[in-house]
Amino acid sequence: MDSIAILDFGSQYAQIIARRVREAQVYCELFPWDAPMEQILAIQPKGFILSGGPRSVYEEDAPYIQHFVFKTGLPILGICYGMQALTHALGGQVDPSARREYGYAEIESLIDSPLVSGLSKVWMSHGDRITKLPEGFIVLAASGNSPLAAMGDRKRKYFGVQFHPEVHHTPNGKKLLRYFVVEICGAKPNWTPASIIEESVERIRKQVGNERVLAAVSGGVDSSVAAALVHEAIGDQLMAIFVDTGLLRKNEGEQVAAAFRENLGAELLTVEASDEFFSALEGVTEPEEKRKIVGEKFIRVFERQAMQLGQPKFLVQGTIYPDVVESSAPDRNKAQRIKTHHNVGGLPEDIQFQLVEPLRYLFKDEVRAVGEALGLPESLVWRQPFPGPGLTVRCLGEVTRERVSRLRAADAILLEELSKAGYLGKHDFGSGSSSIAARTVVSQAFIVLLPVRSVGVMGDQRTYQEAAAIRAVTTEDFMTADWARLPQDLLAKVSNRIVNEVDGINRVVYDITSKPPATIEWE
Ligand code: XMP
Numbered sequence: 001m002d003s004i005a006i007l008d009f010g011s012q013y014a015q016i017i018a019r020r021v022r023e024a025q026v027y028c029e030l031f032p033w034d035a036p037m038e039q040i041l042a043i044q045p046k047g048f049i050l051s052g053g054p055r056s057v058y059e060e061d062a063p064y065i066q067h068f069v070f071k072t073g074l075p076i077l078g079i080c081y082g083m084q085a086l087t088h089a090l091g092g093q094v095d096p097s098a099r100r101e102y103g104y105a106e107i108e109s110l111i112d113s114p115l116v117s118g119l120s121k122v123w124m125s126h127g128d129r130i131t132k133l134p135e136g137f138i139v140l141a142a143s144g145n146s147p148l149a150a151m152g153d154r155k156r157k158y159f160g161v162q163f164h165p166e167v168h169h170t171p172n173g174k175k176l177l178r179y180f181v182v183e184i185c186g187a188k189p190n191w192t193p194a195s196i197i198e199e200s201v202e203r204i205r206k207q208v209g210n211e212r213v214l215a216a217v218s219g220g221v222d223s224s225v226a227a228a229l230v231h232e233a234i235g236d237q238l239m240a241i242f243v244d245t246g247l248l249r250k251n252e253g254e255q256v257a258a259a260f261r262e263n264l265g266a267e268l269l270t271v272e273a274s275d276e277f278f279s280a281l282e283g284v285t286e287p288e289e290k291r292k293i294v295g296e297k298f299i300r301v302f303e304r305q306a307m308q309l310g311q312p313k314f315l316v317q318g319t320i321y322p323d324v325v326e327s328s329a330p331d332r333n334k335a336q337r338i339k340t341h342h343n344v345g346g347l348p349e350d351i352q353f354q355l356v357e358p359l360r361y362l363f364k365d366e367v368r369a370v371g372e373a374l375g376l377p378e379s380l381v382w383r384q385p386f387p388g389p390g391l392t393v394r395c396l397g398e399v400t401r402e403r404v405s406r407l408r409a410a411d412a413i414l415l416e417e418l419s420k421a422g423y424l425g426k427h428d429f430g431s432g433s434s435s436i437a438a439r440t441v442v443s444q445a446f447i448v449l450l451p452v453r454s455v456g457v458m459g460d461q462r463t464y465q466e467a468a469a470i471r472a473v474t475t476e477d478f479m480t481a482d483w484a485r486l487p488q489d490l491l492a493k494v495s496n497r498i499v500n501e502v503d504g505i506n507r508v509v510y511d512i513t514s515k516p517p518a519t520i521e522w523e
């Protein structure tokens, strides 16, 4: 598989560059700028892309381009800081701009270069700029503020752009990246779901041989696609289990099991453990404690099950590429760490298994494409994110079987009505699509059951029952979110049905807070 190495100089957009290259169907990997040569060259790259970064090339300890990169003689594309580092290394001049340039800029191609042709509006975000080109380079494009907005040395195949072709604010930026990797580097665009499956299947077979492999399927996209891939590779050597904690959405277990049976011909063993979870949660109302209990219980049930199945040697994990990259990235994306508290429901670190991680190099959209290609149903592949500790985080106050079943019934009504009105389904999570339709789809929607009772009147009866909140958000990355502007008639219908059909709820409210300052879940 031809590949491209992306060197990360601390850019908040580094992962987006990688996704754009993958969208051009070329395999690529991200490396910190100072990763060891052997590690980077192990993927046998056809070229390098240098990301942007927050530093200035003249600062002490500023990140630089390691010498071996030039020695390979391979093409290089420097973006923003990457362009400045390239200029600095090759004897050009970089200086602070009179003022920081941030936002849209118009650029003009100065010569006929297919790399920058078709670009006019671009996204800029830089403090320094190039004031003198290194020897051998010519100017390809200029903007008002950056007379040297794009440069190239066609002989050595070195290129630099001051703007960010990877972000969706640069229309046609994708084309530039595709042109660089396919035409300039000569990488074959053969990274497709079919080739990903073929390669993974081979790798999994080689890793596990005749051994048995265990997978815990949660109903989420990643664990389902990971198990499906392993099943494709080794068939019945895979033992997939589904722990029914009693804290999942309505019919979730049945749906996932049916999808496995009907679409993959794989059996999913359901482990009914809801009694254990409910009794451990009895009387507990503190959110962190609830999470901890669910996490620990899950591990215990899982370990017991593994023992009963004769302690298989391998375990499938649905780790995906962003998790891998974030744990080794240079100092950036601090906000991402907010997510660390989300790994509850995972397995202990000292677990006695060797891990099979078939999604380790895939982005979420690739995971979905692979899931679809393997035949998993759209309802599973495009499922909304669901927290590891399950409905505990949406059942405020004490988690009892009765309250969870109330919550589930209300939640099922909300999802049914949203689905009927066309608000659920395929969603372009963060891939930067400008499609308006994709953005109006609700990214995540659920009911929160509140431990608040209020007075109502039903028929001639006075009621004193709990309240439910509808939470529906639109977001690209779940780090920030806005409340969905759902039509009032749709909200009315949901509210009406919940109060009429669900015992114990007499009031429905709509959460109109964005994140930040609120979070998506209430906890
Ligand atoms: P918050 O509430 O922090 O949630 O705005 C952001 C996204 O993360 C999901 N979430 C979780 N996912 N385990 C998970 O796998 C968890 O413990 C967890 N808690 C929240 C949440 O549903 C939203 O999509």
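If you read the sequence shown in the numbering used here, its first letter stands for residue 1, the second for the next number, and so on. The C-beta atom is built at its ideal place from N, Cα and C for all residues, glycine as well.
Any idea if residue i is buried or exposed, counting beta-carbon neighbours within 10 angstroms, 16 or more meaning buried?
{"i": "residue 242", "result": "buried"}
{"i": "residue 308", "result": "exposed"}
{"i": "residue 517", "result": "exposed"}
{"i": "residue 36", "result": "exposed"}
{"i": "residue 277", "result": "buried"}
{"i": "residue 283", "result": "exposed"}
{"i": "residue 75", "result": "buried"}
{"i": "residue 2", "result": "buried"}
{"i": "residue 495", "result": "buried"}
{"i": "residue 471", "result": "buried"}
{"i": "residue 111", "result": "exposed"}
{"i": "residue 422", "result": "exposed"}
{"i": "residue 194", "result": "exposed"}
{"i": "residue 77", "result": "buried"}
{"i": "residue 339", "result": "Caution is warranted here: a pLDDT of 36 is assigned to residue 339, below 50, making its placement in the model unreliable, and the coordinate value is therefore given only provisionally. The residue is exposed, with fewer than 16 neighbouring Cβ atoms inside 10 Å."}
{"i": "residue 67", "result": "exposed"}
{"i": "residue 328", "result": "exposed"}
{"i": "residue 104", "result": "exposed"}
Have a look at the DSSP bridge pairing and note the partners of residue i.
{"i": "residue 27", "result": "3"}
{"i": "residue 455", "result": "464"}
{"i": "residue 109", "result": "141"}
{"i": "residue 497", "result": "Its beta-bridge partners do not exist; DSSP assigns none."}
{"i": "residue 244", "result": "272"}
{"i": "residue 472", "result": "445"}
{"i": "residue 482", "result": "474"}
{"i": "residue 507", "result": "467"}
{"i": "residue 214", "result": "239, 315"}
{"i": "residue 159", "result": "77, 152"}
Tell me which residues share the same chain as residue i and place their Cβ nearer than 6 Å to its Cβ, disregarding the 5 neighbours each side in the sequence.
{"i": "residue 375", "result": "263"}
{"i": "residue 169", "result": "123"}
{"i": "residue 125", "result": "102"}
{"i": "residue 527", "result": "Residue 527 is absent from the model: the chain starts at 1 and stops at 523."}
{"i": "residue 371", "result": "225, 381"}
{"i": "residue 160", "result": "78, 83, 86, 151"}
{"i": "residue 451", "result": "396, 397"}
{"i": "residue 11", "result": "51, 52, 53"}
Could you name the residues of the same chain whose beta carbon sits closer than 8 Å to that of residue i, not counting the 5 residues immediately before and after it, in chain order?
{"i": "residue 478", "result": "385, 443, 444, 520"}
{"i": "residue 9", "result": "33, 50, 51, 52, 53, 55, 63, 81, 82, 85, 330"}
{"i": "residue 148", "result": "129, 130, 131, 133, 139, 142, 162"}
{"i": "residue 234", "result": "204, 205, 208, 213"}
{"i": "residue 271", "result": "241, 242, 243, 244, 301, 305"}
{"i": "residue 465", "result": "453, 454, 456, 504, 505, 506, 507"}
{"i": "residue 513", "result": "483"}
{"i": "residue 322", "result": "15, 363, 364"}
Our contact map puts residue i next to residue j with C-beta atoms below 8 Å; I'd like the distance itself, whole angstroms only.
{"i": "residue 19", "j": "residue 353", "result": "Incorrect: roughly 30 Å between the Cβ atoms, too far for contact."}
{"i": "residue 6", "j": "residue 17", "result": "5 Å"}
{"i": "residue 248", "j": "residue 399", "result": "With a Cβ gap of about 13 Å, residue 248 and residue 399 do not count as contacting."}
{"i": "residue 499", "j": "residue 469", "result": "Contact flag wrong, Cβ pair sits at about 13 Å."}
{"i": "residue 522", "j": "residue 441", "result": "That belief does not hold up - the Cβ atoms of residue 522 and residue 441 are roughly 22 Å apart, past 8 Å."}
{"i": "residue 401", "j": "residue 395", "result": "With a Cβ gap of about 11 Å, residue 401 and residue 395 do not count as contacting."}
{"i": "residue 358", "j": "residue 230", "result": "6 Å"}
{"i": "residue 269", "j": "residue 180", "result": "Contact flag wrong, Cβ pair sits at about 48 Å."}
{"i": "residue 88", "j": "residue 57", "result": "4 Å"}
{"i": "residue 21", "j": "residue 177", "result": "6 Å"}
Under 7 Å Cβ to Cβ from residue i, same chain only, skipping five residues before and after it: list those, please.
{"i": "residue 182", "result": "24, 26, 189"}
{"i": "residue 293", "result": "280, 281, 284"}
{"i": "residue 44", "result": "3"}
{"i": "residue 186", "result": "46"}
{"i": "residue 120", "result": "106, 107"}
{"i": "residue 407", "result": "391, 394, 395, 447, 449"}
When you compare the segment 296-311 with the segment 397-416, are there three or more beta-carbon pairs, one atom per stretch, that lie closer than 8 Å? no
Should the segment 211-224 be called in touch with the segment 309-318, which here means at least 3 C-beta pairs below 8 Å? yes
Tell me, please, whether the segment 200-212 touches the segment 154-168 by the rule of three or more beta-carbon pairs shorter than 8 Å. no
Quick test of the definition: if touching needs 3 or more C-beta pairs under 8 Å, does the segment 455-462 touch the segment 479-489? no
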